[in-house]
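As structure tokens, the structure follows; a few thoughts come after it.
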Amino acid sequence: MWFLAQPNMDVYFFLLIPSLETWILFIHFFRLNI
Numbered sequence: 001m002w003f004l005a006q007p008n009m010d011v012y013f014f015l016l017i018p019s020l021e022t023w024i025l026f027i028h029f030f031r032l033n034i
């Protein structure tokens, strides 16, 4: 995993944005199920 050895903001955003999207979708479906 070369991106862990080389801190790069583009890579951090690339890994962070999909995580935020899945977290928002998780909260959205969780609220619908309530």
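For the record, in the sequence shown the residue sitting at position 7 is 7 according to the UniProt record's numbering, with numbers rising by one throughout.
All residues carry an ideal CB built from backbone N, CA and C; glycine is no exception.
These figures come from a predicted structure and were not determined experimentally.
Residues in the same chain with beta-carbon distance under 8 angstroms from residue i, minus the five sequence neighbours each way, listed in chain order, please.
{"i": "SER19", "result": "none"}
Can you find the residues in the same chain that come closer than 6 angstroms, C-beta to C-beta, to residue i, ignoring five residues on each side of it along the sequence?
{"i": "LEU16", "result": "none"}
Is residue i close to chain B? Criterion is C-beta to C-beta, closer than 7 angstroms.
{"i": "GLU21", "result": "Among the chains of the structure shown, chain B does not appear; only one protein chain is present."}
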